[in-house]
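Numbering (the working numbering), first residue to last: 1 to 262.
Using N, Cα and C, we set each Cβ at its ideal position, and we do this for glycine too.
Beneath this line is the structure, given in structure tokens, with notes to follow.
What follows is the structure, given as structure tokens:
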């Protein structure tokens, strides 16, 4: 364990340096909420603080996202959500190749790659960050038919027209809901781009689906189910990844069908 005095003149204790990829990383030895998590990454001979939700910084460094979240914290959400979708496809007798998917909050393309592995061949990405698109085109250029950088809460008429031309019959969003990265209105607008009968697959921190938390997504999903515009086919709790303290973080994966516009 090392001690480094660097942040607001505060002494920070770190766990052992971890070498699970191209970049050595270390986590602060303190309890952090999921929205506050950060680590230090060593490259170019020095240590740099990276806050997990500053995705624009993470995506700029090739391999850093995979090193932190997948090799070290054992995130498996793209494969888990894709697996739940595959389960429903199989039970319903739906051909994956007939899906036209909008990947909301697509990031660096790991979610799209997991969907592609199911046999899905038409996938369009949308994300708020230019850095996300650059990372996807750099690291996984074979995944998406098109990558749109846009804010779904204020989508331009041109972008909306272009997206509607794909006639999406599936919407997927993986590890992107609940922390303010994608507001509820952006999710609703993406949902409304789907054809009726289209499939919806997403995951979210399990606490964010509990009414008692007052979370906006809990209220939204509950209302969509009450209004019968979202028919839930499969809902499963699973371990999303580890926290920086080594504790399991549980998410819920949901697969359903659109039965009307919001």
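Alpha carbon of residue i to alpha carbon of residue j, nearest angstrom
i           : j           : result
residue 30  : residue 64  : 22 Å
residue 68  : residue 25  : 8 Å
residue 112 : residue 147 : 11 Å
residue 160 : residue 259 : 21 Å
residue 1   : residue 162 : Bear in mind that the predicted position of residue 1 carries a pLDDT of just 43, short of 50, making it too unreliable to give a figure here.
residue 245 : residue 221 : 30 Å
residue 127 : residue 167 : 19 Å
residue 43  : residue 165 : 43 Å
residue 27  : residue 53  : 15 Å
residue 219 : residue 202 : 16 Å
residue 73  : residue 125 : 25 Å
residue 108 : residue 226 : 34 Å
residue 133 : residue 61  : 13 Å
residue 247 : residue 158 : 45 Å
residue 172 : residue 254 : 10 Å
residue 256 : residue 15  : 41 Å
residue 135 : residue 141 : 9 Å
residue 90  : residue 84  : 10 Å
residue 99  : residue 193 : 14 Å
residue 17  : residue 198 : 46 Å
residue 122 : residue 195 : 15 Å
residue 262 : residue 150 : 21 Å
As assigned by DSSP and simplified to three states, the class of residue i
i           : result
residue 79  : helix
residue 237 : strand
residue 84  : helix
residue 112 : helix
residue 179 : coil
residue 193 : coil
residue 98  : helix
residue 5   : Residue confidence is low: residue 5 scores 39 on pLDDT, short of 50, so the model does not pin down where it sits. Its coordinate-derived value is still stated next. DSSP places residue 5 in strand when its eight states are reduced to three.
residue 61  : coil
residue 89  : helix
residue 11  : Confidence at residue 11 is low in this model, with a pLDDT of 49, below 50, so the placement of that residue is unreliable and no value is reported for it.
residue 220 : helix
residue 118 : coil
residue 209 : helix
residue 56  : helix
residue 188 : helix
Residues that residue i bridges to, as DSSP identifies them
i           : result
residue 173 : 202
residue 104 : 126
residue 253 : 203, 236
residue 43  : 46
residue 258 : 230
residue 242 : 248
residue 68  : DSSP output for residue 68 lists no bridge partner at all.
residue 25  : 18, 41
residue 51  : 38
Same chain only: Cβ atoms within 6 Å of residue i, ignoring 5 sequence neighbours per side
i           : result
residue 224 : 230
residue 189 : 152
residue 41  : 23, 25, 48, 50
residue 75  : 69, 241
residue 179 : 35
residue 8   : For residue 8, the predicted model reports a pLDDT of 46, less than 50, meaning its position is unreliable; a value from the coordinates is still stated below. None.
residue 182 : 105, 176
residue 77  : 174, 175, 203, 240
Beta-carbon contacts of residue i that lie in its chain and below 7 Å, excluding the five residues immediately before and after
i           : result
residue 22  : 63, 67
residue 119 : 96, 97
residue 210 : 218
Beta carbon proximity, residue i to chain D, threshold 9 Å
i          : result
residue 23 : Structure shown: chain D not included; a single protein chain is present.
Residues near residue i in its chain [Cβ-Cβ closer than 8 Å; skip 5 each side]
i           : result
residue 208 : 177, 178, 215, 217, 218
residue 87  : 234, 255
Task: Start-end ranges of the beta strand (DSSP E) lying completely within the segment 132 to 177, minimum 3 residues - done: As far as the segment 132 to 177 is concerned, its whole beta strand (DSSP E) runs of at least 3 residues are 146 to 149, 170 to 173.
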